[in-house]
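Before any comments, here is the structure.
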Amino acid sequence: MQFSEFPFNKSILKAVAEERYHTATIVQQKAIPLVLAKKNVIVSAQTGTGKTAAFALPIIQLLFDAQVEEKQKEKKIKSLVVTPTRELAIQILENFKSYSKYTNLKTTAVFGGVSLEPQKEELANGVDVLIATPGRLIDLQMQGDIDLSAVEIFVLDEADLMLDMGFINDVKKIEKLCPRKKQTLLFSATIPEKIDELAKTIVKHSTKIEINPEQTTAKNIGQLLYYLPKKNKTDLCLLLLRNTINGRILIFRRTKVGVDKLEQTLLKNDYKVTSIHGDKSQAIRNKAIEDFKNKKANILIATDVAARGIDISNVDAIINFDIPNVPETYVHRIGRTGRAGKSGIAFSFCSPDENAYIKTIEALIEKPIKIITDHPFIINKPKHKKLQPNTVSKNKKGRKSDNSKKNKKRWY
1 MQFSEFPFNK SILKAVAEER YHTATIVQQK AIPLVLAKKN VIVSAQTGTG KTAAFALPII
61 QLLFDAQVEE KQKEKKIKSL VVTPTRELAI QILENFKSYS KYTNLKTTAV FGGVSLEPQK
121 EELANGVDVL IATPGRLIDL QMQGDIDLSA VEIFVLDEAD LMLDMGFIND VKKIEKLCPR
181 KKQTLLFSAT IPEKIDELAK TIVKHSTKIE INPEQTTAKN IGQLLYYLPK KNKTDLCLLL
241 LRNTINGRIL IFRRTKVGVD KLEQTLLKND YKVTSIHGDK SQAIRNKAIE DFKNKKANIL
301 IATDVAARGI DISNVDAIIN FDIPNVPETY VHRIGRTGRA GKSGIAFSFC SPDENAYIKT
361 IEALIEKPIK IITDHPFIIN KPKHKKLQPN TVSKNKKGRK SDNSKKNKKR WY
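In structure tokens:
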């Protein structure tokens with residue numbers, strides 16, 4: 001389905017065309033008509049599936065129509081988008097501004113890590129769409145700088161990450177600050193039990209859209225798996241960077257310490273590298289992303305939380321330096337490459353303590369990841385032993401023994 005087939009205003013279609021959007025993704029095809037029909041929607045889809053446009057474009061259309069009808073002079077917050085991280089807030093803000101640049105709608109974002117005053121000034125001038133992280137939103141509301149009484153569309157973005165970061169109680173508080181009668185949209189990579197419970201309390205009479213992970217693992221992304229000892233991961237990374245991997249590279253590490261350590265190693269080896277994680281200031285994180293986008297650095301190292309939702313185009317390769325313990329995170333990561341019909345490749349380094357993670361990832365994407373054995377640090381692929389049924393037998397001394405205890409000693 002083409003974007004021109006949606007009932008968008010000409011000013012929105014012009015902006016969409018300039019963004020070179022032509023064919024809508026699966027989630028956009030399913031969600032946009034429902035949002036335009038003012039339905040409550042719950043969407044489960046991975047990073048890279050076009051979720052932001054799936055809610056931003058119809059929201060702009062709805063608010064544009066209302067603005068024409070009401071012709072009100074004072075701008076009030078009509079749509080509130082709550083998202084867990086600063087980077088996500090900035091990215092969503094950029095998307096809203098791009099899509100609405102030929103309308104009179106005004107959008108701003110508020111988030112922590114920066115001064116309050118400029119954000120207060122923006123709010124005082126009036127906004128139609130507010131994007132916010134939970135903590136900063138509550139701070140500004142308590143100081144009397146935010147009025148949510150006119151909100152018509154409430155969006156909860158990356159709900160599962162909200163849960164991981166401990167924001168759920170804040171989200172419930174924010175939702176209650178909005179009018180009871182409103183359209184509610186909940187977007188999440190996955191819908192775990194606690195998110196499902198939250199959805200039932202804040203999203204009434206909703207339509208659920210679920211895009212399966214295997215549908216979002218692009219066919220044009222090559223996936224390669226390397227089994228090796230943990231101590232040799234840095235050596236393998238350097239080897240591949242010298243001989244195999246070219247272009248713009250995004251490397252994922254599980255911890256902030258791991259990010260810093262690898263960055264220092266690559267800098268010592270004369271690579272143009274930058275990094276982002278939660279302990280870095282917002283200014284430093286913004287600069288790192290800009291340097292990567294502007295090709296001042298061709299390698300960006302990041303933790304999953306810091307990189308979640310950041311729209312970085314033209315990434316040639318992903319390195320999973322640490323295998324994620326949540327299989328959906330793997331799909332998020334590799335979805336950073338191979339976008340817009342281009343090819344990409346994902347390299348995953350698996351040490352013995354991460355073998356179980358690979359098993360759950362392959363079960364999720366419903367196919368095995370190609371194993372590369374042509375490298376100097378090879379560890380053979382672990383063999384999955386079949387468990388014997390729990391039987392009771394007699395040992396040499398005639399005592400009963402349960403072999404189920406022995407069955408616990410396995411690779412996973």
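Numbering (our numbering), first residue to last: 1 to 412.
All residues carry an ideal CB built from backbone N, CA and C; glycine is no exception.
If you're wondering where the values come from, they're calculated on a predicted model, not measured in any experiment.
Counting along the chain, the unbroken beta strand (DSSP E) around Ala-317 starts and ends at 317-320. The Cβ atoms of Leu-225 and Ile-358 lie closer than 8 Å to each other. Where Asn-286 is concerned, the enclosing alpha helix (DSSP H) starts and stops at 282-293. Our two residues, Asn-104 and Val-16, have alpha carbons roughly 16 Å apart in a direct line. As computed with DSSP, Phe-347 is found in a beta bridge with Leu-224, Ile-319. One alpha carbon belongs to Val-326, the other to Thr-49, and they sit about 19 Å apart. In this structure, the straight-line span from the alpha carbon of Lys-182 to that of Val-151 is close to 7 Å. In the three-state reduction of the DSSP assignment, Leu-250 falls in the strand class, which pools E and B. If you look at Ala-132, you'll find it in the beta strand (DSSP E) that goes 129-132.
In summary, Gly-335 is buried, with 16 or more beta-carbon neighbours lying within 10 Å of its beta-carbon over all protein chains present. Residue pairing by DSSP puts Phe-187 in a beta bridge opposite Val-43.
Cβ-Cβ distances below 7 Å link Asn-314 to Arg-248 in the same chain, with the five nearest sequence neighbours on each side left out; the list follows chain order. Ranked by Cα distance from Lys-208, the first of Pro-376, Ile-42, Phe-8 is Ile-42. Lys-208: member of the beta strand (DSSP E) spanning 206-210, first to last residue. Checking the DSSP bridge columns, you'll see Ser-275 partnered with Ile-301.
Shown here, Gln-91 sits in a helix according to DSSP, grouped into three states. In this structure, the alpha-carbon of Phe-6 lies about 27 Å from that of Asn-220. Nearest Cα to Asn-286 within the set Gln-29, Ser-100, Thr-85: Thr-85.
Residue Cys-350 holds the alpha-carbon nearest to the alpha-carbon of Lys-230 among Lys-268, Ala-31, Glu-210, Cys-350. For Leu-262, the uninterrupted alpha helix (DSSP H) segment begins and ends at 256-268. Here the alpha carbon of Ile-32 sits roughly 32 Å from the alpha carbon of Lys-120. Taking all protein chains in view, the Cβ of Gly-338 is crowded by 16 or more other Cβ atoms within 10 Å, so the residue is classified as buried.
In the DSSP secondary-structure assignment, Val-110 is bridged to Ala-132. DSSP assignment within the region 146-196 yields the following whole beta strand (DSSP E) runs of 3 residues or more, N-terminal first: 153-156, 183-188.
According to the DSSP assignment, Leu-238 belongs to the alpha helix (DSSP H) that extends over 233-243. In this structure, the CA atom of Ser-98 is about 26 Å from the CA atom of Gly-135. The DSSP-derived three-state label of Gln-119 is helix.
If you ignore the 5 residues before and after Cys-178, its C-beta comes within less than 7 Å of the C-beta of Leu-80, Leu-148, Val-151, Phe-154, all in its own chain and listed in chain order.
The region 54-69 makes contact with the region 12-26: 3 or more CB pairs, one atom from each, lie closer than 8 Å.
Looking at the DSSP output, Ile-371 shares a beta bridge with Leu-225. For Ser-79, the beta-bridge partners assigned by DSSP are Val-129, Ile-153. Taking the Cβ atoms as the reference, Leu-262 lies roughly 7 Å from Thr-234, within the contact range of under 8 Å. Rounded to whole angstroms, the separation of the alpha carbons of Ile-138 and Asp-196 is 24 Å.
Straight through space, the alpha carbons of Asn-232 and Asp-353 are spaced by roughly 14 Å. Taking C-beta atoms under 8 Å as the contact rule, Leu-130 and Val-110 qualify, at a distance of about 7 Å. In terms of CA proximity to Leu-236, Thr-373 leads the group Thr-373, Gln-91, Tyr-21, Lys-51.
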